[in-house]
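Chains as they are written, first to last, in this note's numbering: chain A, 22 to 294; chain B, 5 to 295.
Cβ atoms here follow ideal geometry from the backbone N, Cα and C, with glycine treated the same way.
These numbers were taken from a predicted model, which means no experiment stands behind them.
So this is what it looks like as structure tokens:
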């Protein structure tokens, strides 16, 4: 038994190294002086730690990475807030009311999860061109303000809350919206955290949609901006390229590590259904 | 549960969004695919099913489908076996397993562009991570992303690395839901660990296998960012995966009608593949019940 445990730890540690090594490499290379060649593995620790790379990449190249960063932060914040509200309301409605057409409409939500982005991106682009939304924050935000998966997730959570609580609030004269906003949403904090983690990571790392929905440099999000930065500096300047990559990764990793417990729960819920 | 139409008010915003950004676009895409539509000059001619007819004879499209199929044949089983093995390891009752689970998940939440940039380095000739090791062992350097025999397996290998976390978590959940009593009974009957794994764990995990199989296959057929960043479909079209091919058709050749037709054909084929996988799994399960 002891030997088996030892073997497990050894295997998992090797795997952890295999998964972490590229990230460690990225971080160390980002701290080599700008324009220095790819370091040999034996000289990976920089001799002079070039922290100034971060200032250079964010504010002092002709590619506005600082602006990309702001765009991503703004778009993600609005999408997460809107999605929590919109999906929370829908989850609450589906879970707590028996109204005509409920099953049919919920079926539409489930069905939409089957045909993800693949077919809808071209028509949504054409619709937005018609409305004059291309290359604006609206194009980046509005398609993301609801998610069928998060509606499903919050509905599951709201269904499990006992009826008595709702009845008591009603006897106290609370309105339907008050019951939703002040009783159910606070109780659903773990589910809301899962929901927020999913939507933040999805928006922050989305590449395809912002790539086609925006054109001007000032409207690019960080994920697309990173690919532009690579095209500009990539092949010749590995340290700055890796600095830009670290800047893109840090926020999403922080959110993941802060909410990872909730995240894992959401994934398994989606898996079991 | 309250019998009240008030529920409609709560679901109205999400439902409106669903109609405008999921169902209307699908109908619109079907409409667009019936035209020859020049989006630069905004000229459209109705051509009926002509796009689909052309598509049937479109060698570039079917070539790309073929490459995607080869890619899926490497990436999907590879990803499944890797995730199952790691899940078996991290669901042992040992200290620190939660920590490993979190760590293994990180590539899946990371920026796809940053990951692609990292793997460009990993596969770089001479100075890249793998080639440094190969040359240390006295082997010649391989230009993984530019040699036609290597580029597609290289992308598939990377996808196993990226997708390990979510698949592993789904297997961990599957393993935790297995009935303990059945295992105890089998142990009393003197079944070995190996027998228990092949006769019980594997068949009992069938729903989990199916879920991972279907979602990874769909994922493989929608792969875009790594191709866009790392190979642009080269060398010699060997990595021209269908997700990238549709992008090029729509946004580099500006042929949105053909691209819409292509995405419908893809959607239809993915539906078939998922259905086939469901059927196969069910037959396996029934076979197991009978024996």
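Cβ proximity to chain B below 7 Å picks out 164, 166, 167, 169 and 172 from the stretch 153-186 of chain A.
Of all C-beta pairs linking the stretch 250-266 of chain B to the stretch 23-41 of chain B, three or more are shorter than 8 Å, placing the two stretches in contact. If you ignore the 5 residues before and after residue 258 (chain B), its C-beta comes within less than 8 Å of the C-beta of 42, 43 and 44, all in its own chain and listed in chain order. DSSP lists B:7 as the beta-bridge partner residues of residue 119 (chain A).
Contacts with chain A at 8 Å (Cβ-Cβ) do not include residue 182 (chain B). Listed along chain A are 118 and 120, each with a C-beta nearer than 7 Å to that of residue 8 (chain B). Non-local C-beta neighbours of residue 113 (chain A) in its own chain, meaning closer than 7 Å and more than five positions away in sequence, comprise 179, 201 and 205, ordered along the chain. Residues of chain A whose Cβ lies closer than 7 Å to the Cβ of residue 205 (chain B) do not exist, since the nearest Cβ in that chain is about 16 Å away. Under the Cβ distance rule, residue 193 (chain A) does not count among the residues neighbouring chain B, no pair being separated by less than 8 Å. Here residue 105 (chain B) is buried: its Cβ has 16 or more other Cβ atoms, across all protein chains shown, within 10 Å.
Secondary structure note for residue 41 (chain B): its beta strand (DSSP E) is the uninterrupted segment 39-42. Your pair residue 138 (chain B) and residue 146 (chain B) checks out as a contact, with CB atoms roughly 7 Å apart and the cut at 8 Å.
Annotation for residue 73 (chain B): the continuous alpha helix (DSSP H) segment containing it runs 63-94. Interface criterion not met: the Cβ of residue 23 (chain A) is under 8 Å from no Cβ in chain B. Counting of Cβ neighbours within 10 angstroms places residue 244 (chain A) among the buried residues, the total reaching 16 or more.
Your pair residue 247 (chain A) and residue 215 (chain A) does not check out as a contact, with CB atoms roughly 27 Å apart and the cut at 8 Å.
With contact defined as three or more Cβ pairs closer than 8 Å, the stretch 184-195 of chain B and the stretch 90-106 of chain B are not in contact.
Taking a contact to require three or more Cβ pairs closer than 8 Å, the stretch 222-233 of chain A and the stretch 108-116 of chain B qualify as touching. Around residue 244 (chain A), the beta-carbon contacts reaching into chain B at under 7 Å are 115 and 117. Of the residues assessed, residue 163 (chain B) falls on the buried side of the cut-off, its CB having 16 or more other CB atoms within 10 angstroms. Residue 61 (chain A) carries a coil assignment under DSSP once its states are collapsed to helix, strand and coil. Here residue 178 (chain A) carries a helix assignment [DSSP, helix/strand/coil].
Residue 285 (chain B) places its beta carbon 8 Å or farther from that of residue 224 (chain B). Two segments are said to touch when three or more pairs of C-beta atoms, one from each, lie closer than 8 Å; by this definition the stretch 13-23 of chain B touches the stretch 107-121 of chain A. At least 8 Å separates the beta-carbon of residue 217 (chain B) from that of residue 98 (chain B). Looking at the DSSP output, residue 242 (chain A) bridges to nothing. The C-beta of residue 32 (chain B) comes closer than 8 Å to at least one C-beta of chain A. Within chain B, the residues placing a beta-carbon under 7 Å from that of residue 144 (chain A) are 29, 32, 33 and 36, ordered along the chain. Residue environment for residue 92 (chain A): buried (at least 16 other C-beta atoms within 10 angstroms of its C-beta). In the three-state DSSP reduction, residue 221 (chain B) falls in the helix class (H, G or I). In this structure, residue 236 (chain A) and residue 156 (chain A) form a Cβ contact; the two beta carbons are roughly 5 Å apart against a cut-off of 8 Å.
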